[in-house]
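Worksheet: one structure, shown below.
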Amino acid sequence: MKSDIDVWVTAGIGWALRLSRLEVPSAVVLGEPAWLNCSYDLESDELYSVKWYKNNVEFYRFLPSDRPPGQKYDLKGVFVDLSKSDHGYVHLSRTTLQTEGTYRCEVSAEAPSFQTVREEGTLAVYANMKIIVVLIISSPTALFRFKTLLWFSIKNDV
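Numbering follows numbering that gives the first Met the number 0, in which position 141 of the sequence shown is assigned residue number 140; successive positions increment by one, without gaps.
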């Protein structure tokens with residue numbers, strides 16, 4: 000005769016919630032939007048929650064039982080667009096230098112397994128800087144060369 004503990008352990012073997020893919024862009028240009036993706040396989044479980052953290056601070060959660068299911072929390076440098084975010088994706092509408100950090104996705108299953116899986120990735124923000132040079136123009140030829148260079152730089156977004 001099996002004890003209750005044996006039955007619980009045997010039943011638990013079939014549960015295999017797993018995080019199949021985490022996508023956190025390694026580099027984003029300052030001011031541009033970014034997508035975070037957390038793909039998972041529930042197997043036979045039901046979803047309890049998907050939570051996102053930046054540097055160990057929660058900024059987004061998706062609970063199917065809540066209305067609305069997606070909620071965001073204010074965090075400096077994290078600009079969640081709720082209309083484009085759901086259980087698998089979070090859309091950051093823009094980025095600042097404060098957006099940089101370690102992003103973690105955490106997926107939890109409902110009872111009876113209450114299993115949780117997590118993974119993290121690092122996002123860096125880079126500035127696309129243009130340097131403005133002030134020149135002292137000493138001759139008409141130098142002025143012509145400067146105007147030509149300036150026109151070329153603007154035309155080609157250098």
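Even for Gly, the Cβ is constructed at its ideal location relative to N, Cα and C.
* Asked: Quick one: what's got a C-beta closer than 8 Å to Arg117's C-beta in the same chain, skipping five residues either side?
  -> Leu18, Arg103, Cys104, Glu105 and Val106
* Roughly how many whole angstroms lie between the Cα atoms of Asp40 and Val124? -> 30 Å
* **Residues bridged to Lys83 [DSSP beta-bridge criterion]** => For Lys83, which the question treats as bridged, DSSP gives no partner whatsoever.
* Asked: Just how far apart, CA to CA, sit Lys53 and Asn36?
  -> 14 Å
* Could you tell me how far apart the beta carbons of Leu46 and His90 are, in whole angstroms, since I believe they sit closer than 8 Å? => In fact, because the Cβ distance is near 19 Å, the residues do not count as touching under 8 Å.
* Burial state of Thr101 (16 or more Cβ within 10 Å) -> exposed
* Bounding residues of the beta strand (DSSP E) (the contiguous stretch that carries Ser19) -> Arg17 to Glu22
* Asked: To which residues of the same chain is Phe113 closer than 8 Å at the C-beta, ignoring the five residues directly before and after it?
  -> Tyr47 and Ser107
* Asked: Got a sec? Which residues, its chain only, sit under 7 Å from Ser92 by beta carbon, not counting five neighbours each side?
  -> Pro32, Phe78 and Asp80
* Name the residue from Val23, Leu16 and Ala15 whose alpha carbon lies nearest to the alpha carbon of Gly120. => Val23
* **Ranges of the alpha helix (DSSP H) found wholly within the segment 40-116, counting only runs of at least 4** => none
* Which residue from Ala15, Asp44, Gln97 and Ser38 puts its Cα closest to that of Leu21? -> Ser38
* For Asn36, write down the residues that DSSP places opposite it in a beta bridge. => Glu22 and Tyr88
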